[in-house]
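Chains H and E supply the protein sequences, listed in that same order. Sequential numbering from 2 applies to the first sequence in the numbering used here. Sequential numbering from 6 applies to the second sequence in the numbering used here. Single-structure report; data block below.
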Amino acid sequence: MGAPLDLFAAASAEGAWTVSEVTRRARSVIEAGLPPLWVRGEVSGFKSWRSGHWYFSLRDKSAQIRCVMFRNDNRGLPAPPADGMQVFVFGRPTVWEEKGDFRLTVVELLSTEQGGLWKLAFEKARAALLRDGLLDPARKRRLPPFPRRIAVVTSPDGAALRDIHVVVTRRWPVAELVVVPAKVQGEGAEASVCAALARLAHLELDVAIVGRGGGAAEDLWTFNSERVARALAAVPVPVISAVGHETDVTLCDLVADLRAPTPSAAAEAATPDRVEVLGHLAHLGQRLARGLTQRAQRMVDRLDRSGDRLTAAIQFRLEQSRSLLTAHGAHLEALSPLKILARGYAVARDADGRVLKRVAQLPAGVAFRLRVTDGQVAARVEPS
Amino acid sequence: MASQPAPPPDFGKHLERLETIVRRLEAEDLDLDEALKLFEEGVERLRTARAQLAEAELKVQKALKVEGSDR
């Protein structure tokens with residue numbers, strides 16, 4: 002289809018083209034010369050076939066184009082357009098050879114009412130972001146479990162900042178909040194948010210929240226700006242968007258590493274809960290104590306096997322200290338096994354610091370060092 | 006560009022080390038000496054981590070406005 006036609010071969014004896022040849026040629030010229038495009042016009046002669054395909058014309062004051070929208074492309078739409086409705090369509094211009102019609106194969110259709118224009122801008126920007134890979138799910142980064150510094154890009158006197166402050170104070174005051182003020186709606190908001198996002202690269206951060214409190218859907222425009230979405234994608238740390246609108250997903254939501262329904266939810270997602278972490282620490286403390294007690298128990302077992310008469314007493318003491326350890330997880334440090342030395346145990350080491358555990362390691366006359374609770378002393382096994 | 010103050014201490018690093026210590030103490034057949042050393046470090050890390058959580062008070066700072074464009 003792409004090869005140029007050989008005009009002489011294609012012509013008949015009279016020098017005339019066949020209808021098929023002309024329409025085919027017209028189709029290839031149009032398809033090559035007119036890329037898919039957005040067209041605005043009024044719907045007329047709308048008809049939905051049993052097959053599910055839609056046929057209609059799009060017209061303005063002085064011209065019209067035949068359009069078809071196939072079932073696969075139209076079934077995502079909430080309703081078919083009514084005759085007389087002003088719409089935007091995105092379609093591929095082509096020639097329908099059987100009818101000799103110049104035609105538009107429509108793949109998207111938007112009403113100009115109810116924010117149709119905005120939707121158009123949104124869809125265009127979304128397509129551009131998609132093309133550049135910015136909507137790729139693989140781009141989404143995991144949030145750090147214990148953030149040290151959290152940046153908040155928002156209006157410095159808005160409800161969003163207040164909400165985030167409350168949640169972070171309650172859950173994770175270990176962190177530091179860096180407020181990067183930005184104008185989030187109205188004139189100049191786009192540039193202001195972009196500048197604030199660009200500054201995040203210069204702060205030592207773990208995570209950032211971009212947000213605003215509730216408000217009208219029109220005020221979301223800033224967060225539907227392609228420029229803002231790209232600035233957000235360029236932030237070097239994970240970003241949570243908290244634009245505060247449940248129904249409308251903004252471009253920023255799509256690009257962000259996480260979308261939160263509200264600024265409070267964003268702050269919850271960004272922080273661990275201090276109470277839970279303390280619980281985890283207490284658990285670790287108990288395991289730490291148990292781990293060491295078990296080591297000590299093995300030492301006792303060895304003494305046991307050698308038939309030492311003190312074993313029973315030692316075991317009794319170890320039992321005591323073990324229950325103490327479990328009961329007072331908070332005061333573990335006081336129960337350090339250094340205390341075992343304080344109770345009168347001693348560790349014998351040779352000149353190289355190796356622990357001497359067996360009789361065989363202590364032949365008659367050998368010198369060694371004895372570690373007791375408050376230091377060490379030089380010692381020697383009595384000559385036999 | 007104004008220089009940033011140092012970020013708050015890294016709680017995650019403390020916790021990670023503490024978890025490693027507990028796992029080693031539980032799983033490995035260490036001699037008493039080594040177990041003691043690990044235990045002491047563990048207690049110290051535990052204390053530091055607890056203190057961080059207990060004393061923490063949320064600090065808020067405002068990034069100063071940058072006039073014009075410096076990049």
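Each residue gets a CB set at the ideal place from its N, CA and C atoms; glycine is no exception.
Requested in this report: Out of 368(H), 136(H), 263(H), point me to the one whose CA is closest to residue 213(H)'s CA.
Outcome: Residue 263(H) is the option with its Cα nearest to residue 213(H).
Query raised in the report: List, in order along the chain, the chain E residues whose C-beta lies closer than 8 Å to that of residue 147(H)?
Result: Correct list: 15, 16, 17, 20.
Query raised in the report: Quick one: complete alpha helix (DSSP H) runs, 4+ long, within the segment 175-236 of chain H?
Result: Segments of the alpha helix (DSSP H) lying fully in the segment 175-236 of chain H: 190-200, 227-234.
Query raised in the report: Secondary structure at residue 254(H), three-state DSSP: helix, strand or coil?
Result: Helix at residue 254(H).
Report task. Please list the partners that residue 169(H) has in chain E, where partner means a Cβ-to-Cβ separation under 8 Å. Result -> By Cβ distance, chain E contributes 63.
Query raised in the report: Based on the DSSP output, what are the partners of residue 102(H) in its beta bridges?
Result: Looking at the DSSP assignment, residue 102(H) forms a beta bridge with 97(H).
Report task. Please go through the same chain and pick out, in chain order, the residues whose beta-carbon is closer than 7 Å to the beta-carbon of residue 71(E), but skip the five residues on each side of it. Result -> With a pLDDT of 47 at residue 71(E), under the threshold of 50, the modelled position of this residue cannot be trusted; read the value that follows with caution. Contacts found: none.
Query - Cross-chain neighbours of residue 282(H) in chain E, by beta carbon under 7 Å - result: What residue 282(H) touches in chain E: 51, 54, 55.
Query raised in the report: Leaving out five residues before and five after residue 362(H) in sequence, what residues of the same chain have Cβ atoms less than 7 Å from its Cβ?
Result: If the five residues before and after residue 362(H) are omitted, its C-beta is found closer than 7 Å to no C-beta atom of its own chain.
Query - Range covered by the alpha helix (DSSP H) that runs through residue 152(H) - result: Not the alpha helix (DSSP H): residue 152(H) falls in the beta strand (DSSP E), residues 150-155.
Query raised in the report: What residues match up with residue 86(H) in a beta bridge as DSSP calls it?
Result: Beta-bridge pairing links residue 86(H) to no other residue.
Query raised in the report: Using a C-beta to C-beta distance shorter than 7 Å, which residues of chain E count as neighbours of residue 286(H)?
Result: Listed along chain E are 51, each with a C-beta nearer than 7 Å to that of residue 286(H).
Requested in this report: Starting from the C-beta of residue 126(H), find all residues in its chain whose C-beta is less than 8 Å away, skip the five residues before and the five after it, and write them out in chain order.
Outcome: Taking residue 126(H) as the centre and dropping the five residues before and after it, the same chain places the C-beta of 225, 226, 227, 230, 252 closer than 8 Å to its C-beta, in chain order.
**Report entry** Reduced DSSP secondary structure (H/G/I, E/B, other) of residue 61(E)
**Finding:** Residue 61(E) falls in the coil class under three-state DSSP.
Report task. Mind checking who residue 242(H) pairs with in its DSSP beta bridge? Result -> Checking the DSSP bridge columns, you'll see residue 242(H) partnered with 211(H), 260(H).
Query raised in the report: How would you write the range of the beta strand (DSSP E) that residue 49(H) sits in, first residue to last?
Result: DSSP places residue 49(H) inside the beta strand (DSSP E), whose first and last residues are 38-49.
Query raised in the report: Whose C-beta lies closer than 8 Å to the C-beta of residue 43(E) among residues of the same chain, with five residues either side of it excluded?
Result: Around residue 43(E), the same chain offers 26, 29, 30, 35 as residues with beta carbons nearer than 8 Å, after the five sequence neighbours per side are excluded.
**Report entry** Contact belief for residue 372(H) with residue 342(H) at Cβ below 8 Å, rounded distance in angstroms
**Finding:** Taking 8 Å as the upper bound for CB-CB distance, residue 372(H) and residue 342(H) are in contact here, some 7 Å apart.
Query raised in the report: Going by alpha carbons, who is nearest to residue 50(H) out of 64(H), 254(H), 71(H), 35(H)?
Result: Measuring from the Cα of residue 50(H), the nearest candidate turns out to be 71(H).
**Report entry** Reduced DSSP secondary structure (H/G/I, E/B, other) of residue 23(H)
**Finding:** Note: residue 23(H) maps to helix in three-state DSSP.
**Report entry** is_contact[residue 292(H), chain B] using C-beta, thresh 8 Å
**Finding:** Looking at the structure shown, chain B is missing, and the protein chains on hand are H and E.
**Report entry** Nearest residue (CA-CA) to residue 383(H), options 32(H), 95(H), 208(H), 367(H)
**Finding:** It is 367(H) whose Cα lies nearest to the Cα of residue 383(H).
Query raised in the report: Quick one, which of 90(H), 146(H), 185(H), 29(H) has its alpha-carbon nearest residue 244(H)'s?
Result: Ranking the options by Cα distance to residue 244(H), first place goes to 185(H).
Requested in this report: Would you tell me roughly how many angstroms separate the C-alpha atoms of residue 370(H) and residue 18(E), rounded to the nearest one?
Outcome: Cα-Cα distance, rounded: 37 Å.
**Report entry** Where the alpha helix (DSSP H) containing residue 17(E) begins and where it ends
**Finding:** From DSSP, the alpha helix (DSSP H) with residue 17(E) extends over 16-32.
Requested in this report: Tell me, please, whether the CB atom of residue 174(H) is closer than 8 Å to any CB atom in chain E?
Outcome: Yes, residue 174(H) lies at the interface with chain E (some Cβ there is under 8 Å from its Cβ).
Report task. Can you have a look at residue 182(H) and say buried or exposed, based on whether 16 or more other CB atoms are within 10 angstroms of its CB? Result -> The residue in question, residue 182(H), is buried, as its Cβ has 16 or more Cβ neighbours within 10 Å.
Report task. Along the alpha helix (DSSP H) that carries residue 342(H), what are the first and last residues, could you check? Result -> Per DSSP, residue 342(H) is one residue of the alpha helix (DSSP H) stretching across 339-343.
Query raised in the report: What number of angstroms, rounded off, separates the C-alpha of residue 105(H) from the C-alpha of residue 232(H)?
Result: Residue 105(H) and residue 232(H) have their C-alpha atoms some 36 Å from each other.
Report task. Could you work out which residues of chain E lie near residue 319(H), taking near to mean beta carbons separated by less than 7 Å? Result -> The contacting residues do not exist; residue 319(H) stays about 13 Å from chain E at best.
Query raised in the report: Since residue 139(H) is in the alpha helix (DSSP H), which residue starts that stretch and which ends it?
Result: No alpha helix (DSSP H) contains residue 139(H), which DSSP labels as neither H nor E.
Query raised in the report: Using a Cβ-Cβ distance under 8 Å, would residue 177(H) count as near chain E?
Result: Using a Cβ-Cβ cut-off of 8 Å, residue 177(H) counts as an interface residue toward chain E, since at least one Cβ of chain E sits closer than that to its own.
Query raised in the report: To the nearest angstrom, how far is it from the Cα of residue 85(H) to the Cα of residue 31(H)?
Result: Cα to Cα, residue 85(H) sits roughly 27 Å from residue 31(H).
Report task. List the residues of chain E that residue 60(H) touches, going by C-beta distances under 7 Å, in chain order. Result -> What residue 60(H) touches in chain E: nothing, since even the nearest Cβ is about 48 Å away.
Requested in this report: Would you grab the beta carbon distance between residue 23(E) and residue 51(E) for me? Rounded to a whole angstrom, and I think it's under 8 Å.
Outcome: Indeed, because the Cβ distance is near 6 Å, the residues count as touching under 8 Å.
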